[in-house]
Amino acid sequence: MANPTLHWRLLPPAVVPTPTTAAFLDAIYTMGLSTTYADGSARSPGSYAAPNIGQVPLAAGPTSLGTGSAWTWNYDATTFGTGGKTSVYAVPPAAGGALNQQVIIGGTSNAAGAAWKQLSSDTRLTNFLYIGLAKNSGLYQGWNSPTTPFNVGDFTGFGYITSGINLYAYVYMWECEEAIALQFLNTTNASGGFAGAFVDPLSTNAANAETDGRLYGVSTSGSGNYLGANSLSVTAAASGPMFYNTNSTGDIHFSTFTPGAGTLTQTLRFGNFTPGPGFLSRVGDIPQIPIQVWTGTQYIGQLRQIFITRDSVTGNEWQAGATPKGYLWSSSLTASTDTVILAY
């Protein structure tokens, strides 16, 4: 049985003139407070009573949750005593919280923290950003905790979503009821990732799905691999493929939680695709091809409202007349490359 339809939305993109990890974390947090989307429509995030500054022993939970597709964000400015943001973390709106998932983005230090669980641990490097996902989670206790940033629950560990942060000037963020997506870009390259319940197992069997019928996971571009121009038609790590995994330190990662457990299952895009800029239906419509995923030997499911389409550029809105239909994710702000639609 298919999971509920998700509705992806693009937040107002941010320009970061002085690219530091703290500046990008601040930009993400500020985007998370926005009361409008990029198209000017209303957005209703929830709120926390206060950021995690000097709260002992644990940060409080949110005072309210967002509605629609809007996540609720908080930040930590205590770790290492820098005074700047060291992590930002978010909870989904009420409709997306059955397993108490939380997404966290951390950075600013090479201090040890929760290791990526899929066979390899990404080395901590200063001036890089990392993303991780928790399920059955509790209250925030610190992004560099060796087990989980939250006091209970299962955690993926952290995977890279950027190369050196000084390479980027822009950050884009999309959200839906149960997942978020991020991109960090300059005029020619992009890095980023997805986190949340964005894989539909198309099954409710306990071996295939969590108790809420979903799969929770993280997909990242790695520390040295930009998203590639042909990222749907290649699987080699050096080419920056989307939704693919290697077990090498610092490389692309895509893993989902093993249902009912805290371990991770390697997750891979099923097949290579070469849609090209002229990839249209017989009447000229923009195609939406579901993305299937597997372990390399066994079928896992398909991505939720994330579809292959013709080549385009990141950030554009796809419309049918005046009606928004979705948003485009590719590897460039300026050149047409392999693209997916995040459907609205």
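This note's numbering puts the first residue of the sequence shown at 34, with every later residue one more than the last.
Just so it is clear, CB atoms sit at the ideal spot from N, CA and C, and this is done for glycine as well.
- Annotation for Gly334: Val232, Asp233, Pro234, Leu235, Leu248, Val326 place their beta carbon closer than 7 Å to its own, counting only its chain and skipping 5 residues before and after.
- By the C-beta density criterion, Leu66 is exposed, having fewer than 16 other C-beta atoms within 10 angstroms.
- DSSP places Gly65 in the helix class (H, G or I) of the three-state scheme.
- Of Ala123, Met275, Asn133, Gly283, the smallest CA-CA separation from Ile374 is found for Met275.
- Just so you know, the alpha carbons of Val48 and Gly225 end up roughly 16 Å apart.
- For Trp176, there is no enclosing beta strand (DSSP E), as DSSP marks it with neither H nor E.
- Residue environment for Arg315: exposed (fewer than 16 other C-beta atoms within 10 angstroms of its C-beta).
- Ranking Ala83, Ile61, Ala60, Leu44 by CA distance to the CA of Thr68 puts Leu44 first.
- Exclusion of the five residues before and after Tyr259 leaves Ser196, Asn222, Ala223, Ser224, Gly273, Ser364 as the residues of its chain whose Cβ lies within less than 8 Å of its Cβ.
- Remark: C-beta atoms of Ile324 and Ile339 approach each other more closely than 9 Å.
- Excluding its 5 nearest sequence neighbours in each direction, Gly359 has C-beta neighbours in its own chain below 6 Å: Trp351, Ile374, Leu375, Ala376, Tyr377, listed in chain order.
- According to DSSP, Thr298 shares a beta bridge with Thr289.
- In the structure shown, the three-state DSSP call for Ile319 is coil.
- Under the 10 Å beta carbon count, Thr156 is surrounded by fewer than 16 other beta carbons and is classified as exposed.
- Annotation for Lys168: the continuous beta strand (DSSP E) segment containing it runs 162-168.
- The continuous beta strand (DSSP E) containing Asn107 extends over residues 105-109.
- By the beta-carbon neighbour count (other beta carbons within 10 angstroms, threshold 16), Pro308 is buried.
- A straight line joining the alpha-carbon of Gly311 with that of Arg343 spans about 7 Å.
- When secondary structure is reduced to three states using DSSP, Asp155 falls in the coil class, being assigned neither helix nor strand.
- Of the candidates Thr63, Gly304, Thr330, Gly146, Gly304 places its Cα closest to the Cα of Ile341.
- DSSP places Ile198 in the helix class (H, G or I) of the three-state scheme.
- Counting along the chain, Tyr203 sits inside the beta strand (DSSP E) bounded by residues 203-209.
- Ranked by Cα distance from Ala214, the options Thr347, Gln174, Leu91 are led by Thr347.
- With distances taken between CA atoms, Gly186 lies nearest to Leu132 out of Gly329, Thr372, Leu132.
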